[in-house]
């Protein structure tokens, strides 16, 4: 038993660590020196953080809204719960292609609607703003479900007598939400923000599917850190040593973000009196 | 006294609006899937296909080996769930029940690794798989991911709730660890195990980067990456693309609708720290 565990643990650890330290041919810190002179890397990192800046609040707000709505005792609430969860089980590739079609410049239904309302169609994939909007919408749509369920579960754990006391003191629903729900929900909120941030920093599927490497826009507007890493390592001749260095940058960044968030958590997250 | 807040009318309105916004893209997907290519290129588009046709659906099967992809997806999911469960139960048993020496250190390592994105280890993983001559196989798709730290951690949490007395009593009776695991721990932690299994299936369906890197031939891919390939070659036939999307998304949606409660409970648990 011990040995089996040790073996599994080792294989898995080796899967992770092996080769993470650069090229077979020893190049010293050359790869790392290249990082600083790489414009594309700068673009990729800037895009990644820009997307995260929009996506994380988007996911949190949509998830909070849906979680509060799921809380309401209305008829059809189980149907609503199923609908909320639907994007999480729909195959992401299929959903991403679907949005590619909705945002399509010439024939997409969104531009058709804009035209119908008298506006001029937008070239969604031709500008930085357009790509940011598209990516944000898709990622929020694809990833709000799980956070919603987690927040919903968190809201259910809040004891109802706290609400009763507040109601008796004359707090309205909005007041109750901001002074009770949000603070008492902060552990779940923290978890949701952390996981969403990390997964956004790893964003790949949306940009890969909608902005294939051949398109010029992919190199400017849709390049994320992982996408860049993929292109370096597996397109053309492949530059795996350098790609590994890029991945180490990403690794350090994500770790740094996590550490910062855990620090902030101590300040803002409320774990209850005995927690 | 319980406060019964009667939902107000605007709550209903909000629920309906939010529900409709979520469903609308899917509706558009299905309706595009039932159009001919010509109908998809109408300006302005007609939201309801008239007449509805299954041409697009038929075309899917000639362009991609749909059933092969589906079968691969099922195989990969099943294999990955089985592998993950074996690794995670054994590891969690060692950590939570036997409490092997150094389990605290191992736990800290696991918690740190949960934060580390697996995607950045693609190059080393690829090197290992290709040195094992496993590229272009289904095994390659799942081998790196069955050593799933998050699953180990979740399982550890579930196993920790098992009363020590039960395990110790069985030890006294001379049961082996494997026997205790199978006859005591696994039955008690059943719902936790289902949780890990469902979450694993969900994450296998989301895989994209790893499959396209490790398997170059189409008939060794799963549905997600297989569909992505369809994009590259035939950008304009949106009816075919949408048909493929509907067909590919359908199995999981059906499974979800059947097991809805389990799915939601599983996800809710994954958030508990």
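Residue numbers (the numbering used here), protein chains in the order written: chain U, 1 to 275; chain E, 1001 to 1273. In this text, a Cβ means the ideal position worked out from N, Cα and C, and glycines have one as well. For clarity, every value in this text was computed on a predicted model and none was experimentally measured.
Query	Result
Closer than 9 Å by beta-carbon distance: list the chain E residues that pair up with residue 120 of chain U, in chain order.	Those do not exist, as residue 120 of chain U stays about 14 Å from chain E at its closest Cβ, beyond 9 Å.
Does residue 1157 of chain E have its Cβ less than 8 Å from a Cβ in chain U?	no
Might you give, ordered along the chain, the residues of its own chain that have their beta carbon closer than 7 Å to the beta carbon of residue 58 of chain U, omitting 5 neighbours on each side?	136, 140
Can you check the stretch 1187–1211 of chain E for any alpha helix (DSSP H) of at least 4 residues that lies completely inside it and give the ranges in chain order?	1190–1206
Output yes or no for whether 8 Å exceeds the beta carbon distance between residue 1080 of chain E and residue 1122 of chain E.	no
Assign residue 170 of chain U to one of three DSSP states: helix, strand, or coil.	coil
Exposed or buried, residue 106 of chain U, counting other C-beta atoms within 10 Å across all chains shown (16 or more means buried)?	exposed
Which of helix, strand or coil does DSSP assign to residue 203 of chain U?	coil
With a threshold of 8 Å between beta carbons, is residue 1260 of chain E in contact with chain U?	yes
Extract the residue ranges of the alpha helix (DSSP H) inside the stretch 221–245 of chain U, only unbroken runs of 4 or more that lie entirely within it.	225–234
Measuring straight from C-alpha to C-alpha, what distance separates residue 247 of chain U and residue 1164 of chain E?	43 Å
State yes or no: is the C-beta of residue 34 of chain U within less than 8 Å of the C-beta of residue 229 of chain U?	no
Going along chain E, which residues have a C-beta under 7 Å from residue 60 of chain U?	Within 7 Å Cβ-Cβ: nothing; residue 60 of chain U doesn't reach chain E, min ~14 Å.
Quick check: the Cα distance between residue 1083 of chain E and residue 73 of chain U, rounded to an integer number of angstroms?	41 Å
At a CB-CB cut-off below 8 Å, which residues of chain U make contact with residue 1290 of chain E?	Lying outside 1001 to 1273, the shown extent of chain E, residue 1290 of chain E is not represented and no answer is given.
Determine, using beta carbons only, whether residue 1089 of chain E comes closer than 8 Å to chain C.	Chain labels in this structure do not include chain C; the protein chains are U and E.
Would a C-beta distance cut-off of 8 Å place residue 1069 of chain E and residue 1221 of chain E closer than the cut-off?	yes
Between U:109, U:55, U:100, U:66, which lies nearest to residue 942 of chain E when the distance is taken from Cα to Cα?	Limits of chain E in this structure are 1001 at one end and 1273 at the other, which puts residue 942 of chain E out of reach.
Between residue 87 of chain U and chain E, is there a C-beta pair that is closer than 8 Å?	yes
Count the other CB atoms within 10 Å of the CB of residue 184 of chain U; is the residue buried (16 or more) or exposed (fewer)?	buried
Name the residues in the stretch 36–63 of chain U whose C-beta lies less than 9 Å from a C-beta of chain E; which are they?	62
What's the C-alpha gap between residue 1050 of chain E and residue 171 of chain U?	54 Å
Counting only the same chain and skipping the five closest in sequence on each side, list residues whose C-beta sits under 7 Å from that of residue 1268 of chain E.	none
Please classify residue 1077 of chain E as buried or exposed, where buried requires at least 16 other C-beta atoms within 10 Å of its C-beta.	buried
Please identify, using Cβ separations under 8 Å, the residues of the stretch 1169–1194 of chain E that lie next to chain U, in order along the chain.	1177, 1178
Select from U:112, U:240, U:82 the residue whose C-alpha is nearest the C-alpha of residue 1020 of chain E.	U:82
Pull up the distance between the alpha-carbon of residue 78 of chain U and that of residue 162 of chain U, whole angstroms please.	26 Å
Which residues in chain E sit within 7 Å of residue 240 of chain U, going by Cβ to Cβ distance?	1123
CB residue 204 of chain U to CB residue 1209 of chain E, shorter than 8 Å?	yes
Once the 5 residues before and after residue 149 of chain U are set aside, which same chain residues still bring their CB inside 6 Å of it?	none
Can at least three beta-carbon pairs, one atom from the stretch 1091–1107 of chain E and one from the stretch 1162–1179 of chain E, be found at a separation below 8 Å?	yes
Output the distance between the C-alpha atoms of residue 116 of chain U and residue 1045 of chain E, rounded to the nearest integer angstrom.	10 Å
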